[in-house]
Amino acid sequence: MIFDTHAHYDDEAFDEDREDLLGSLKSHGIEAVTNVGASIKTSKNTLELTEKYPYVYGAIGVHPNETAELDEDKLNWLKENSMRKKIVAIGEIGLDYYWEEPDHDTQKTWFIKQLNLAREVKLPVIIHSRDAAKDTLDIMKAEKAEDIGGVIHCFSYGKEMAREYLNMGFYLGIGGVLTFKNARKLKEVVEYMPLEQLVLETDCPYLAPVPNRGKRNTSLNLSFVVREISMIKGIPEETIMEITSRNAKRLYALV
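Each residue of the sequence shown is one higher than the one before, counting from 1 in the UniProt record's numbering.
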């Protein structure tokens, strides 16, 4: 069985068939999903999904490109709702310099505040880092994020950066991008890293793997990612599923 550690099933891409799709996951070998908030609104949507489906867990937090909406009241809302039983992480949080809004200082300020929130409520973090490798790592080291723990979502950097995070005890989230022809750098990371620090994720509805690249992504596509990891590491697919599921449960303190 597969654990999808990062999904966005509250996205409007699933409005027409969300209930049928989520209801079918178990029969397709998906044992659990963590739905991840990216704003206050999507964090509220995530709470609703965790209440409706026993195998859906939740993370709440504000994505770097949405941090202009944050203030102390909203941070307190995140704190209060992080106490809910099925909320397993703070995220996704971090830095994203691909889009220039909001400014970098605003992103950094709220990244640090949300890291400290996670430390306070004793939950791991889900880190989003895009085109911001140095600043993300510098902040995480300065804030001693290794004491918090968590996962680098949709890991997109090279082996040297992977080594830094692996040495800090973080998991790396691997999804559909691994199957892309231009993913040489990520394939090298997967070959290099210990399987015990790898977790599977979709980021659905985004980043569907080959052969469904460009289409709406769902947890059902993770079998293609498992197959790619199996080929890279020379480990049976069943073993990949078993170990990554165990990793996910350890990451989210579900064991």
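Ideal placement from N, C-alpha and C gives every residue a C-beta, glycine not left out. The structure displayed is predicted, hence computed values, not measured ones.
Closest Cα partner of M140 within the set V121, W99, S156, M161: One-based indexing of the sequence shown puts residue 140 at position 140. Comparing Cα-Cα distances from M140 to each of V121, W99, S156, M161, the minimum goes to M161.
Meets three-Cβ-pair contact criterion under 8 Å: the region 89-99 and the region 122-131: yes
Closest Cα partner of T34 within the set S230, E146, P124, L70: Residue mapping note: residue 34 aligns to position 34 of the sequence shown, counting from 1. Closest option to T34, Cα to Cα, is P124.
Residue span of the alpha helix (DSSP H) that contains N45, given as start and end: Position 45 of the sequence shown, counted from the start, is the residue given in the question as residue 45. 40-52 is the span of the alpha helix (DSSP H), which, as asked, contains N45.
Given A118 as reference, the closest of T106, H28, V62 once Cα atoms are compared: In the sequence shown, the residue the question calls residue 118 occupies position 118. Comparing Cα positions, the closest option is V62.
Identity of the residues DSSP links to D10 by a beta bridge: Here residue 10 corresponds to residue number 10 of the sequence shown, with the count starting at 1. BP columns for D10 are empty, so no partner.
Inter-residue spacing [alpha-carbon to alpha-carbon] between R251 and E101: Within the sequence shown, residue 251 is the residue found at index 251, counting from 1. Within the sequence shown, residue 101 is the residue found at index 101, counting from 1. Here residue 251 turns out to be Leu, not Arg, going by the sequence shown. About 30 Å.
Assigned exposure category for K108 - 16 Cβ within 10 Å defines buried: In the sequence shown, counting from the first residue as 1, residue 108 sits at position 108. K108 should be labelled buried.
Inter-stretch contact at 8 Å, needing at least 3 Cβ pairs: the region 229-237 / the region 180-192: yes
Simplified DSSP state of F3, which is helix, strand or coil: Counting from 1 along the sequence shown, the entry for residue 3 is found at position 3. In the structure shown, F3 sits in a strand (DSSP, three-state: E or B).
Cross-strand partners of R119 (DSSP beta bridge): Taking the first residue of the sequence shown as position 1, residue 119 is located at position 119. Paired residues: none, contrary to the question.
Distance between N76 and S82 (C-alpha atoms, nearest Å): For this step, residue 82 is matched to residue 82 along the sequence shown. For this step, residue 76 is matched to residue 76 along the sequence shown. Each residue's Cα considered, the two are about 10 Å apart.
Simplified DSSP assignment, three categories, for D16: As a working mapping, residue 16 is identified with position 16 in the sequence shown. Correcting the residue type first, residue 16 is Glu in the shown sequence and not Asp. Note: E16 maps to coil in three-state DSSP.
Contact check, P211 vs G176, beta carbons under 8 Å: The sequence position of residue 211 within the sequence shown is 211, counting from 1. The sequence position of residue 176 within the sequence shown is 176, counting from 1. No, Cβ-Cβ distance for P211 and G176 is not below 8 Å.
Backbone secondary structure at R84 - three-state DSSP: Stepping through the sequence shown from its first residue, residue 84 is reached at position 84. In the structure shown, R84 sits in coil (DSSP, three-state: anything other than H, G, I, E or B).
Cβ-Cβ separation, K86 to T50 (assumed contact under 8 Å), whole Å: Within the sequence shown, residue 50 is the residue found at index 50, counting from 1. Within the sequence shown, residue 86 is the residue found at index 86, counting from 1. Rounded, the Cβ-Cβ distance is 4 Å, consistent with contact.
One or two residues paired with I152 in a DSSP bridge: Residue mapping note: residue 152 aligns to position 152 of the sequence shown, counting from 1. DSSP output for I152 lists I127, L172 as bridge partner(s).
Best match in L25, T106, E143, D103 for proximity to N116 [C-alpha to C-alpha]: Reading the sequence shown from its first residue, position 116 is the one you call residue 116. Minimum Cα distance to N116 is reached at E143.
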